[in-house]
Amino acid sequence: DWRDRSTASMAPSTGKPAVTPDSVINLDHGDPTMFEAFWRETGDAAEVVIPGWQTMSYFSDVTNVCWFLEPDLDRQVRRLHRIVGNAAADDGYHVLVGTGSTQLFMAALYALSDAAGDGDGDGEPVAVVSTAPYYSSYPAVTDFLRSGLFRWAGDADTFKGDTYIELVCSPNNPDGTIRESVLDSKTGNGKTIHDLAYYWPQYTPITKRADHDIMLFTVSKSTGHAGTRIGWALVKDREIARRMTKFVELNTIGVSKDSQLRAAKVLAAVSDGYERRPEMTSSSPTTSRLFDFGRQKMVERWSMLRAAVAASGIFSLPEETSGFCNFTKETAATNPAFAWLRCDREDVDDCASFLRSHKILTRSGEQFGADPRYVRVSMLDRDDAFEIFVNRLSSLK
Ligand code: PMP
Numbered sequence: 106d107w108r109d110r111s112t113a114s115m116a117p118s119t120g121k122p123a124v125t126p127d128s129v130i131n132l133d134h135g136d137p138t139m140f141e142a143f144w145r146e147t148g149d150a151a152e153v154v155i156p157g158w159q160t161m162s163y164f165s166d167v168t169n170v171c172w173f174l175e176p177d178l179d180r181q182v183r184r185l186h187r188i189v190g191n192a193a194a195d196d197g198y199h200v201l202v203g204t205g206s207t208q209l210f211m212a213a214l215y216a217l218s219d220a221a222g223d224g225d226g227d228g229e230p231v232a233v234v235s236t237a238p239y240y241s242s243y244p245a246v247t248d249f250l251r252s253g254l255f256r257w258a259g260d261a262d263t264f265k266g267d268t269y270i271e272l273v274c275s276p277n278n279p280d281g282t283i284r285e286s287v288l289d290s291k292t293g294n295g296k297t298i299h300d301l302a303y304y305w306p307q308y309t310p311i312t313k314r315a316d317h318d319i320m321l322f323t324v325s326k327s328t329g330h331a332g333t334r335i336g337w338a339l340v341k342d343r344e345i346a347r348r349m350t351k352f353v354e355l356n357t358i359g360v361s362k363d364s365q366l367r368a369a370k371v372l373a374a375v376s377d378g379y380e381r382r383p384e385m386t387s388s389s390p391t392t393s394r395l396f397d398f399g400r401q402k403m404v405e406r407w408s409m410l411r412a413a414v415a416a417s418g419i420f421s422l423p424e425e426t427s428g429f430c431n432f433t434k435e436t437a438a439t440n441p442a443f444a445w446l447r448c449d450r451e452d453v454d455d456c457a458s459f460l461r462s463h464k465i466l467t468r469s470g471e472q473f474g475a476d477p478r479y480v481r482v483s484m485l486d487r488d489d490a491f492e493i494f495v496n497r498l499s500s501l502k
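Under full-length UniProt numbering, the letters of the sequence shown match residues 106 to 502, in that order.
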């Protein structure tokens, strides 16, 4: 439950309880509050003021397929992808906006389930699959309205059939692996959705410019603004873009313009950090450059976590991998947003309960279609909570 928080006193203006060394540490959700420290240092660079008369219309640009997309968000999305080089946003792609990438995920299922159908009108729902361990929201979101168009069908690795929608999350939530589709969409009626929420330089080297048919991104994981609820899709095919837009139209008649303007300003501030000439800014790279800040934090946290796991002796983590990052022009390790932690103690078959008994809340491997000896731990919480977590973990025997 999103409201499942302890009743301890709230930290100033964060809406979250302040943590103390014996607090319950909640690392179940991937709440990206780690990034607050960066945005506190940026002054008014990402501030927006919206006069009372603005953003009142339902419409943003009636000439665009996505008629509720604010033109400045469209521009800033393309600009940031151009700077980072993680996706081919300019090559004829349509940019679509959603209330989080979660809404666009649903929009894509809606748009593709029609397209993937075998056309014989038998009304069988299209199978939605993803290689395990998969993001726990995929089955939950796919099935919660019991749609007649599509149905969750589990692990893509064991799926048999040629009409499907495959979800490819890379780097993968929960285990951080770099993934490609496992089903061959050239044969049959297969379609893929690429969820690239974590394909940003703070988490992984940028090794290629992704150019898939449907790619999903979100400010939640790129800049840390999960509460703004803005995600975007890059979509190659105009008809798919039109159907996805139709879904958002029927679901929420568009997406908050106030949030879109804020997201555009935040993305612009990130790009400015890399495009302004160094002599124009007196601040250090980690106070003006988001990905430098993020990478440094993630490197520190992963090294703290690996040290704690070594000190404890009862856990294991995925091996570290690395690659050449075309954005930073350096070889860099992957620093996933989640730790996929395994408890190796013979007498522990449910790692989440074991950690809960030590007041550490995580998400069980079971929810990702995997073994309950694994848990997913958020690496994106605030410093104080993360430090208490690693200290507590290192003492578990
Ligand atoms: N995809 C993945 C892989 C995620 O981890 C998340 C957030 N946990 C989302 C999508 C949803 O992001 P949003 O906040 O934009 O709805």
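The C-beta atom is built at its ideal place from N, Cα and C for all residues, glycine as well.
(request) Using the DSSP secondary-structure output, state which residues sit across from tryptophan 257 in a beta bridge. (result) Stepping through the sequence shown from its first residue, residue 257 is reached at position 152. According to DSSP, which records beta bridges pairwise, tryptophan 257 is partnered with Val233.
(request) Kindly indicate which three-state DSSP category aspartate 486 falls into: helix, strand or coil? (result) Looking up residue 486 in the sequence shown gives position 381. Correct three-state label for aspartate 486: coil.
(request) Rank Asp127, Asp149, Phe140 by C-alpha distance to the C-alpha of aspartate 397 and give the top, closest one. (result) For the purposes of this step, residue 397 is identified with residue 292 of the sequence shown, where counting begins at 1. Residue Phe140 is the option with its Cα nearest to aspartate 397.
(message) Is glycine 332 a contact residue of the ligand PMP, with contact defined as CB to any heavy atom under 7 Å?
(response) Walking along the sequence shown from the start, residue 332 turns up at place 227. No, the ligand PMP has no heavy atom inside 7 Å of this Cβ.
(message) Whether or not the region 324-342 and the region 358-375 are in contact is what I'm after, with contact meaning three or more pairs of Cβ atoms, one per stretch, closer than 8 Å; do they touch?
(response) yes
(request) Within 10 angstroms of the Cβ of aspartate 223, are there 16 or more other Cβ atoms? Answer buried if so, exposed if not. (result) Numbered from 1 along the sequence shown, position 118 holds the residue referred to as residue 223. For aspartate 223, the predicted structure reports a pLDDT of 48, less than 50, and the residue's modelled location is therefore unreliable. A value from the coordinates is still provided. By the neighbour-count rule (16 or more Cβ atoms within 10 Å), aspartate 223 is not buried but exposed.
(message) DSSP three-state label for alanine 193, please.
(response) Locating residue 193 in the sequence shown gives position 88, counting from the first residue. Coil.
(request) Using a threshold of 8 Å, state whether the C-beta atoms of proline 238 and phenylalanine 459 are closer than that. (result) In the sequence shown, the residue the question calls residue 238 occupies position 133. In the sequence shown, the residue the question calls residue 459 occupies position 354. Cβ atoms of proline 238 and phenylalanine 459: not closer than 8 Å.
(message) I want to know whether the region 308-315 touches the region 168-185 - three or more CB-CB distances under 8 Å.
(response) no
(request) Express the C-alpha separation of arginine 400 and threonine 138 in angstroms, rounding to a whole number. (result) Taking the first residue of the sequence shown as 1, we reach residue 138 at position 33. Taking the first residue of the sequence shown as 1, we reach residue 400 at position 295. Using only the alpha carbons, I get a separation of about 15 Å.
(request) Note down the Cα distance separating tyrosine 243 from glycine 266, rounded to an integer number of angstroms. (result) Here residue 243 refers to the residue found at position 138 of the sequence shown. Here residue 266 refers to the residue found at position 161 of the sequence shown. In this structure, the CA atom of tyrosine 243 is about 19 Å from the CA atom of glycine 266.
(request) Along the alpha helix (DSSP H) that carries valine 360, what are the first and last residues, could you check? (result) Position 255 of the sequence shown holds residue 360. It is not in any alpha helix (DSSP H) - valine 360 carries neither H nor E in the DSSP assignment.
(message) What residue range does the beta strand (DSSP E) around serine 427 cover?
(response) Counting from 1 along the sequence shown, the entry for residue 427 is found at position 322. Residues 427-430.
(request) Using alpha carbons as the reference points, say which of Asp262, Ala338, Asp219 lies closest to serine 206. (result) The sequence position of residue 206 within the sequence shown is 101, counting from 1. Measuring from the Cα of serine 206, the nearest candidate turns out to be Ala338.
(request) Take arginine 187 and list the residues in its own chain whose beta-carbon comes closer than 8 Å to its own, dropping the five residues that flank it on each side. (result) Position 82 of the sequence shown, counted from the first residue, corresponds to residue 187. Excluding residues within five positions, the ones whose Cβ falls inside 8 Å are Ala194, Asp195.
(message) Distance check for lysine 502 and glycine 418, CA to CA, integer angstroms please.
(response) For the purposes of this step, residue 418 is taken as residue 313 along the sequence shown, with counting starting at 1. For the purposes of this step, residue 502 is taken as residue 397 along the sequence shown, with counting starting at 1. C-alpha separation (whole angstroms): 7 Å.
(message) Short of 6 Å in beta carbon distance, which residues of its chain neighbour leucine 214, apart from the five on each side in sequence? Order them along the chain.
(response) By one-based count along the sequence shown, residue 214 stands at place 109. Around leucine 214: Phe255.
(request) Out of Arg478, Cys430, Lys402, state which residue places its alpha-carbon closest to the alpha-carbon of leucine 446. (result) Locating residue 446 in the sequence shown gives position 341, counting from the first residue. With distances taken between Cα atoms, leucine 446 lies closest to Arg478.
(request) Rounded to whole angstroms, what's the CA-CA distance from leucine 466 to arginine 411? Just pull it up for me. (result) Locating residue 466 in the sequence shown gives position 361, where the first residue counts as 1. Locating residue 411 in the sequence shown gives position 306, where the first residue counts as 1. Cα-Cα distance, rounded: 19 Å.
(request) Leaving aside the five residues before and after alanine 475 along the sequence, list all residues of the same chain whose C-beta is less than 7 Å from its C-beta, in chain order. (result) By one-based count along the sequence shown, residue 475 stands at place 370. Excluding residues within five positions, the ones whose Cβ falls inside 7 Å are Ala237, Pro238.
(request) Report the rounded CA-to-CA distance for lysine 341 versus glycine 197, giving the unit in angstroms. (result) Your numbering for residue 341 matches position 236 in the sequence shown. Your numbering for residue 197 matches position 92 in the sequence shown. Taking the straight line from one Cα to the other gives about 7 Å.
(request) Return the CA-CA distance between asparagine 278 and leucine 395, expressed in angstroms with no decimal places. (result) Start at 1 with the first residue of the sequence shown, and residue 278 comes out as number 173. Start at 1 with the first residue of the sequence shown, and residue 395 comes out as number 290. Taking the straight line joining both Cα atoms gives about 21 Å.
(message) Please classify aspartate 136 as buried or exposed, where buried requires at least 16 neighbouring CB atoms within 10 angstroms.
(response) Start at 1 with the first residue of the sequence shown, and residue 136 comes out as number 31. Counting Cβ neighbours within 10 Å, aspartate 136 comes out buried, since at least 16 surround it.
(request) Return helix, strand or coil for alanine 442, following the three-state DSSP convention. (result) Against the sequence shown, residue 442 aligns to sequence position 337. Reduced to three states, the DSSP call for alanine 442 is coil.
(message) Measuring alpha carbon to alpha carbon, tell me which residue in Asp260, Thr263, Pro230 is nearest leucine 250.
(response) As a working mapping, residue 250 is identified with position 145 in the sequence shown. It is Pro230 whose Cα lies nearest to the Cα of leucine 250.
(request) For the ligand PMP, list every residue whose C-beta falls under 6 Å from any of its heavy atoms, going in chain order. (result) With 6 Å as the limit, the residues whose C-beta approaches a heavy atom of the ligand PMP more closely than that are Gly135, Gly205, Ser206, Thr207, Tyr240, Cys274, Asn278, Asp300, Ala302, Thr323, Ser325, Ala331, Gly336, in chain order.
(message) Per the DSSP calculation, glutamate 380 is bridged to which residue(s)?
(response) Here residue 380 corresponds to residue number 275 of the sequence shown, with the count starting at 1. DSSP output for glutamate 380 lists no bridge partner at all.
(message) Just to confirm the assignment, what range does the alpha helix (DSSP H) spanning tyrosine 243 have?
(response) Position 138 of the sequence shown, counting from 1, holds the residue named residue 243. Per DSSP, tyrosine 243 belongs to the alpha helix (DSSP H) from 242-248.
(message) Please give me, in chain order, every unbroken run of the beta strand (DSSP E) with length at least 3 that falls completely inside the region 281-365.
(response) For the region 281-365, whole beta strand (DSSP E) runs of length 3 or above, ordered along the chain, are 296-300, 319-323, 335-340.
(request) Could you tell me the distance, in whole angstroms, from the CA atom of arginine 348 to the CA atom of arginine 183? (result) Here residue 348 refers to the residue found at position 243 of the sequence shown. Here residue 183 refers to the residue found at position 78 of the sequence shown. Cα-Cα distance, rounded: 21 Å.
(message) Considering only the alpha carbon of each residue, which of Ser500, Ala490, Val153 lies closest to aspartate 133?
(response) Residue 133 sits at position 28 when you count from the first residue of the sequence shown. Looking at the Cα atoms, Ala490 is the closest of the given residues.
(request) Whole angstroms is fine: what's the gap from aspartate 260's alpha carbon to valine 124's? (result) Within the sequence shown, residue 260 is the residue found at index 155, counting from 1. Within the sequence shown, residue 124 is the residue found at index 19, counting from 1. When rounded, the distance between both Cα atoms is 38 Å.
(message) Output needed for tryptophan 407: all residues of its chain with C-beta closer than 7 Å, excluding positions within five of it in sequence on either side, in chain order.
(response) Here residue 407 corresponds to residue number 302 of the sequence shown, with the count starting at 1. Cβ within range, chain order: Asn440.
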